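Undergrad:
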Amino acid sequence: MTIFEELQQAIIDGKSPRAKELTEKGLGEGIKPSEFFPKAVIPAMNEVGRRMRECEFFIPEVLIAARAARASTDILRPLLVGDESVRSAGTVVCGTVKGDLHDIGKNIVAMMLESAGFQIVDLGVDVAPEKVIEAVRQHQANVVAMSALLTTTMVNMKAVVEALSAAGIRDQVKVMVGGAPVTEAWARSIGADGYGKDASAAVEMARSLVATP
Ligand code: B1M
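Residue numbers (my numbering): 162 to 374.
(1) For residue 176, tell me which candidate among 216, 213, 203 and 223 has the shortest Cα-Cα distance.
(2) Whose C-beta lies closer than 6 Å to the C-beta of residue 321 among residues of the same chain, with five residues either side of it excluded?
(3) Is any heavy atom of ligand 1 found at a distance shorter than 7 Å from the C-beta of residue 184?
(4) Using only the alpha-carbon positions, how far apart do residue 358 and residue 189 sit?
(5) Take residue 194 and list the residues in its own chain whose beta-carbon comes closer than 6 Å to its own, dropping the five residues that flank it on each side.
(6) Considering only residues of the same chain and omitting the five flanking positions on each side of residue 277, which have a CB-CB separation below 8 Å?
(7) Going by DSSP in three states, residue 162 sits in which element: helix, strand or coil?
(8) Note down the Cα distance separating residue 260 from residue 330, rounded to an integer number of angstroms.
(9) If we ignore side chains and look at the alpha-carbon of each, how far apart do residue 332 and residue 325 end up?
(10) For residue 263 and residue 257, what's the separation of their Cα atoms in angstroms?
(11) Would you mind stating whether residue 230 and residue 205 have Cβ atoms separated by less than 8 Å?
(12) What is the residue span of the beta strand (DSSP E) that residue 283 lies within?
(13) Per DSSP, which one or two residues make a beta bridge with residue 255?
(14) Which residue from 165, 266, 228 and 328 puts its Cα closest to that of residue 295?
(15) I'd like the span of the alpha helix (DSSP H) that includes residue 366, first residue to last.
(16) By a C-beta neighbour count over all protein chains shown, 10 Å radius and 16 as the cutoff for buried, is residue 275 buried or exposed?
(17) Which one of 167, 234, 371 and 315 has the shortest CA to CA distance from residue 344?
(18) Buried or exposed: residue 269, going by 16 or more other Cβ atoms within 10 Å of its Cβ?
(19) In the structure shown, what three-state DSSP assignment does residue 273 receive?
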């Protein structure tokens, strides 16, 4: 088994100390921090999702797997904020939309954006549109990045776009959206400026949005 396969298994089994140990071991062997996401954390959580869908896993197992993923990503986060952090590529206000508590993907996107030199204002989960407006004003953000994992909460992305317009600040900030059920067509239909399929695409999209007047 490769170290990535072992880490995937530790996350799926919800073994936080093992996930932490394997992450540290991999880093010690010279693996780049960003490699852990596509090769271990994301495939592990996809497998957790498959098991949840097929009723092999229920909420408690999913929660302990999420905690093990966090044990790994908590080690990676400070390492991702590398040399580029000294110069800001722009300020991004991010969060998971109202009614939605999923934050693993949002946290990965935030970490990757931070490592690409963006200043991140992370509003957390279950974020009401008013909180986004307040943060955009306070931090003079360039980009709002919203995540949703539930088909029932995707609609709250539209509420954010509408609230920005109602507050008169829609033209001052770009809006990008993402999350498993979100598509490019959905992004367009709610008036967002961009969509990211995954964390790398989110970084590319944020870069292109700040470069576009
Ligand atoms: Co929930 N859950 N969950 N869950 N959960 C899903 C999303 C689900 C697909 C599982 C399933 O049925 N197979 C399903 C949604 C079905 C639907 O809406 N169609 C579901 C459900 C139903 C629920 C509950 C309703 C279950 C219940 O209570 N009966 C409940 C809802 C709670 C709520 O939010 N109000 C619930 C609860 C939970 C837990 C709390 C137990 C836990 C979350 C823990 C946490 O996040 N801290 C959980 C988890 C872990 C999952 C699955 C298994 C994994 C999600 C995840 O972390 N994926 C998930 C199944 C799945 O997605 N396979 C599932 C890994 C992560 C790296 O991927 O978040 O997609 P993702 O992020 C990616 C991209 O999407 C993208 O980049 C990331 C990295 O590549 N991306 C962006 C994300 N945000 C972006 C933003 C961008 C750009 C890209 O720009 C702004």
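Think of the CB as a built atom: it goes at the ideal place given N, C-alpha and C, for glycine as much as any other residue. Bear in mind the structure is a predicted one, so any value in this text is a computation, not a measurement.
TA: In brief:
(1) 223
(2) 290, 293 and 307
(3) no
(4) 30 Å
(5) 237, 240 and 241
(6) 245, 250, 364, 367 and 368
(7) coil
(8) 24 Å
(9) 9 Å
(10) 7 Å
(11) yes
(12) 279-283
(13) 283 and 306
(14) 328
(15) 360-372
(16) buried
(17) 315
(18) buried
(19) helix
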